[in-house]
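The structure appears right after this line, and notes come after that.
Number of protein chains: 2
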Amino acid sequence: MEFEVYQTGAEGGRRAEMRLPHHAVQTPVFMPVGTAGTVKAVPQESLEALGAEIILGNTYHLYLRPGHEVVRRMGGLHKFMSWPRAMLTDSGGFQVFSLSGLRKMSEEGVEFRSHLDGSKHFFSPEHSIEVQIALGADILMAFDECMEYPAEEARARESMELTLRWARRSKAHFESLAGEVPWQVELGGATQNLFGIVQGGMHKHLRKECAERLVEMDFAGYAIGGLSVGEPQELTEDMVAETLQYLPKDKPRYVMGVGYPEEIVKFARMGVDMMDCVLPTRAARHGLLFTSEGRLNIKNKQFAEDQGPVDPACKCMVCARYTRAYLRHLMVAQEPLSGTLNTLHNLAYYLGLMEGVRAELAVG
Amino acid sequence: MEFEVYQTGAEGGRRAEMRLPHHAVQTPVFMPVGTAGTVKAVPQESLEALGAEIILGNTYHLYLRPGHEVVRRMGGLHKFMSWPRAMLTDSGGFQVFSLSGLRKMSEEGVEFRSHLDGSKHFFSPEHSIEVQIALGADILMAFDECMEYPAEEARARESMELTLRWARRSKAHFESLAGEVPWQVELGGATQNLFGIVQGGMHKHLRKECAERLVEMDFAGYAIGGLSVGEPQELTEDMVAETLQYLPKDKPRYVMGVGYPEEIVKFARMGVDMMDCVLPTRAARHGLLFTSEGRLNIKNKQFAEDQGPVDPACKCMVCARYTRAYLRHLMVAQEPLSGTLNTLHNLAYYLGLMEGVRAELAVG
Chain A
1 MEFEVYQTGA EGGRRAEMRL PHHAVQTPVF MPVGTAGTVK AVPQESLEAL GAEIILGNTY
61 HLYLRPGHEV VRRMGGLHKF MSWPRAMLTD SGGFQVFSLS GLRKMSEEGV EFRSHLDGSK
121 HFFSPEHSIE VQIALGADIL MAFDECMEYP AEEARARESM ELTLRWARRS KAHFESLAGE
181 VPWQVELGGA TQNLFGIVQG GMHKHLRKEC AERLVEMDFA GYAIGGLSVG EPQELTEDMV
241 AETLQYLPKD KPRYVMGVGY PEEIVKFARM GVDMMDCVLP TRAARHGLLF TSEGRLNIKN
301 KQFAEDQGPV DPACKCMVCA RYTRAYLRHL MVAQEPLSGT LNTLHNLAYY LGLMEGVRAE
361 LAVG
Chain B
1001 MEFEVYQTGA EGGRRAEMRL PHHAVQTPVF MPVGTAGTVK AVPQESLEAL GAEIILGNTY
1061 HLYLRPGHEV VRRMGGLHKF MSWPRAMLTD SGGFQVFSLS GLRKMSEEGV EFRSHLDGSK
1121 HFFSPEHSIE VQIALGADIL MAFDECMEYP AEEARARESM ELTLRWARRS KAHFESLAGE
1181 VPWQVELGGA TQNLFGIVQG GMHKHLRKEC AERLVEMDFA GYAIGGLSVG EPQELTEDMV
1241 AETLQYLPKD KPRYVMGVGY PEEIVKFARM GVDMMDCVLP TRAARHGLLF TSEGRLNIKN
1301 KQFAEDQGPV DPACKCMVCA RYTRAYLRHL MVAQEPLSGT LNTLHNLAYY LGLMEGVRAE
1361 LAVG
């Protein structure tokens, strides 16, 4: 994978291009989350029209349904869902660790029960990699332990050490299977790219150590995981700033699972190249809309006869055509179009924020 | 309203244009149902792209939520939902009569309870017309009694007589309020168009009498109501054929609430100009898809790895991009995109059928 940095800003932010097998992605970039092979309520045509360049798929969900072997036989997730641009899959770790009570940890991996039917499954670093190869995203993630918050140093170190051992196993298995991705022949021998994940809880020296030891293993890119797990926002920011220092400047850096609009802008300016979050899409389905003037809950009575667009400064197809009054009606009447239009607007807002940061960084 | 018949086919089908205040509609036409100011799960952009020229709004639903006065203040339903083409509203009668147990009939009108909150309401012919003027569709419908099936002749006559008295009251009230539609000034003095509805149960001589007496009252167009209420399909067809004979050739004829693909094609060839039905949209949300090769239930296991389009002969955006396997996955995973894509395909199929009949009739 080529990652070309065009410009670096005063605070460390980078205007770059990440050339992946399916698409050259302009960074910093926000990645909409498409859990089960669909960014909920949005057709792929609309995602393309919004300018989304890379989306996320969730390994845990796709493994359970439709099953990674089905997706492999369909030519990989790109073909299965008809998404021509770039894609990243998580390792399944985060979802599996969220199934508290339904899982059992060991050095080998994690045994868990499906949230769909209670059936028993096992994910190891090797298995996660195999599933992710079958899904065939452009970027796949090493299997890591997503630790609870808060955690004492001893617990955080123990978890970090496990994550490092799993990162090594993930990489070894990925390398042994290179060439098994469904689209490899079709894309002229291109391969997937494996990212490592920095853990270490809220302990700066562990973050530093974890980053340095991962960098020695040499991944295609590095993610900062285990954040936005309930800690105060300043602490998230501290951990990101601390960790970024120890990550190579010539590789993409990805902060997982953030965040609010002000966070993603701040992190992009600090030198984070990639972010993903369910917030814009999930909040949209609950009627929380992000605008240049702040957030609004479209269900509120005050919008019942408001003929203005969601955000007067927004150029998206929703703001160009529909009023707050109509969007409120759709939400109150629980119409499916509500989720679609709200999501389109929120994604347009998030993608627009990143476009703004990229323009800002491009002029140095 | 101008209604220009270009060609008439051997069986009586007409290739015509119905020039309404918001749009010149090519007939025979199928009208997608947009109950609460939205064709469920489909953005207005997509309806336009599909070539929908006229859609239906349901007076009962819009009266309850968001309320016709809200819609009036928003400039009418066209503006409220951002639909630039033609629109028709029903009278609310059919929905009100469906609320069995929640309604009380009298000569004056119908008292009913809201299915949303149990609150008490009253619809008379006058009130229905007032609500429909506030909504501001291009075509509005006289308030009629939708009789139960089956019904003896005496009951059918009594109901038909009530429908005729209500038709007269609807027309008188509509004429007394002409000019109060929200967009009248904006559209240079254009007015709405009121259609009468032929009832008479499954009794041919009552259908004839009802049609003749309505024609004397002189409506802008005529609908055939009270069909597809549980009777055998041959009986529906008989009643349509019988009634059509007594309706003027220079006015549009509308069969309400039908039907299956083969029915709408047959009726269009017989001289029906307009039809509406929830079938393509409702069935889509349950996974029933219509194709040139018959119907299929996309949830079936047999489609789990089917890489073909829903209908190989279909040119719609869904068939052009997505596989049966993907649509099945979306349905099984209960993803909101499922309803959207299924509905788009079924509407494309229905609209395409009518396009085919129009092409057939155009060559005479």
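Chains A and B, in that order, give the protein sequences. All residue numbers for the first sequence refer to the working numbering, where the first residue is 1 and numbers rise by one. All residue numbers for the second sequence refer to the working numbering, where the first residue is 1001 and numbers rise by one. Yeah, the Cβ is synthetic: ideal placement off N, Cα and C, and Gly gets one too. None of these values were measured; they are calculated from a predicted model.
Is the distance from the Cβ of residue i to the Cβ of residue j below 8 Å?
i, j, result
"S98(A)", "E108(A)", "no"
"N193(A)", "G221(A)", "yes"
"D276(A)", "M256(A)", "yes"
"A241(A)", "M270(A)", "yes"
"T1059(B)", "S1128(B)", "yes"
"V265(A)", "V357(A)", "yes"
"M74(A)", "F80(A)", "yes"
"A268(A)", "T243(A)", "no"
"A1134(B)", "V1198(B)", "no"
"Y1260(B)", "L1279(B)", "yes"
"H78(A)", "E126(A)", "no"
"P28(A)", "G9(A)", "no"
"A1313(B)", "S1292(B)", "yes"
Have a look at the options and flag the residue whose alpha-carbon is nearest the alpha-carbon of residue i.
i, options, result
"N1342(B)", "G1189(B), N1300(B), E1293(B), L1288(B)", "L1288(B)"
"I139(A)", "T191(A), V110(A), V96(A)", "T191(A)"
"E4(A)", "E180(A), Q26(A), G12(A)", "Q26(A)"
"E1180(B)", "G1034(B), G1051(B), A1137(B)", "A1137(B)"
"A167(A)", "A359(A), L214(A), G37(A)", "L214(A)"
"A1052(B)", "P1066(B), H1068(B), V1033(B), E1069(B)", "V1033(B)"
"S82(A)", "V110(A), R285(A), G37(A)", "G37(A)"
"D1144(B)", "E1152(B), Q1007(B), S1106(B)", "S1106(B)"
"M1147(B)", "R1165(B), G1200(B), K1104(B)", "G1200(B)"
To the nearest angstrom, how far is it from the Cα of residue i to the Cα of residue j?
i, j, result
"T1089(B)", "F122(A)", "56 Å"
"G352(A)", "V258(A)", "16 Å"
"V39(A)", "L1361(B)", "43 Å"
"R207(A)", "M239(A)", "7 Å"
"Y322(A)", "Q1245(B)", "44 Å"
"Q132(A)", "K120(A)", "19 Å"
"K1251(B)", "Y1063(B)", "29 Å"
"Q1095(B)", "S338(A)", "24 Å"
"P21(A)", "Y149(A)", "36 Å"
"G1093(B)", "T1163(B)", "11 Å"
"H329(A)", "A304(A)", "7 Å"
"Q1044(B)", "E1002(B)", "26 Å"
"K315(A)", "G1076(B)", "25 Å"
"A1348(B)", "D1311(B)", "11 Å"
"H1286(B)", "V42(A)", "19 Å"
"L1056(B)", "A1142(B)", "15 Å"
"F1290(B)", "N1300(B)", "14 Å"
"E1130(B)", "T1035(B)", "18 Å"
So, is residue i buried or exposed, given that buried needs 16 or more other C-beta atoms within 10 angstroms?
i, result
"Q334(A)", "exposed"
"D1117(B)", "exposed"
"V318(A)", "buried"
"G196(A)", "buried"
"Q1302(B)", "exposed"
"N1346(B)", "buried"
"E1263(B)", "buried"
"V185(A)", "exposed"
"V1234(B)", "Inspection of the sequence shows that residue 1234(B) is occupied by Glu rather than by Val. So E1234(B) ends up on the exposed side."
"R367(A)", "The structure shown does not extend to residue 367(A), since chain A is modelled only from 1 through 364, so no value can be given for it."
"G230(A)", "exposed"
"G189(A)", "exposed"
"H1068(B)", "buried"
"E1175(B)", "exposed"
"K1104(B)", "exposed"
"R85(A)", "buried"
"S1100(B)", "exposed"
Per DSSP, which residues does residue i bridge with? Please list them.
i, result
"D276(A)", "M31(A)"
"R1019(B)", "E1002(B), A1024(B)"
"V255(A)", "I224(A), M275(A)"
"R1113(B)", "K1120(B)"
"L140(A)", "T89(A), L194(A)"
"L1056(B)", "V1033(B), L1088(B)"
"N1297(B)", "L1288(B)"
"Q1007(B)", "R1015(B)"
"R1358(B)", "Partner(s): none; R1358(B) has no beta bridge."
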